[in-house]
Amino acid sequence: MVMATGTSIQTLIESIPGVYGGTPRLARSGLPILQLAADYESGMRLAEFHEAYPEIDDESLHAGIAYYLLNRAAIDEELRVRREEALADFAECEARRAAESA
């Protein structure tokens, strides 16, 4: 049996302290896995990923999705927390704007 040589999935995902808070990202393009996960969960299809992120090759895209699926609980929790924080920030801005215009 002949084994094909190829790229190791570990080389396609990286985490660099100080870059996106050290969260995992696609090594070749820099796209955070959190963004990839949010897009995937919103129902984005493969062709739509390529349209939105033309700089991402198939190997990286598939590695990123695989990484997300393997770490889904933790990544989904991080997305949930970030959404809640964003909604709270938005509500605070709206309240401030309403108070200023009153």
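752 is the number of the first residue of the sequence shown in our numbering; add one for each residue after it. C-beta atoms are modelled at their ideal positions from N, C-alpha and C, and glycine is treated no differently. Note that the structure is a prediction, hence the values are computed from the model and not measured.
DSSP state of residue i mapped onto helix, strand, coil
{"i": "E799", "result": "helix"}
{"i": "D808", "result": "coil"}
{"i": "G794", "result": "coil"}
{"i": "G757", "result": "coil"}
9 Å Cβ cutoff, residue i in contact with chain B
{"i": "S852", "result": "Included in the structure is just one protein chain, with no chain B present."}
Residue i to residue j span [Cα, whole Å]
{"i": "T762", "j": "L782", "result": "14 Å"}
{"i": "D840", "j": "R848", "result": "12 Å"}
{"i": "L797", "j": "A842", "result": "34 Å"}
{"i": "N822", "j": "E851", "result": "44 Å"}
{"i": "G757", "j": "E845", "result": "51 Å"}
{"i": "S793", "j": "S780", "result": "21 Å"}
Opposing strand residues paired with residue i [DSSP bridges]
{"i": "R776", "result": "E765, P783"}
Proximity below 9 Å, CB of residue i to CB of residue j
{"i": "L830", "j": "L812", "result": "no"}
{"i": "L777", "j": "I807", "result": "yes"}
{"i": "Y819", "j": "I767", "result": "no"}
{"i": "D790", "j": "E802", "result": "no"}
{"i": "P775", "j": "I764", "result": "yes"}
Limits of the alpha helix (DSSP H) - the one that residue i falls within
{"i": "A842", "result": "823-852"}
Closer than 8 Å: residue i CB and nearest the ligand ADP heavy atom
{"i": "R776", "result": "Within the structure as shown, the ligand ADP is missing, as the structure has no ligands at all."}
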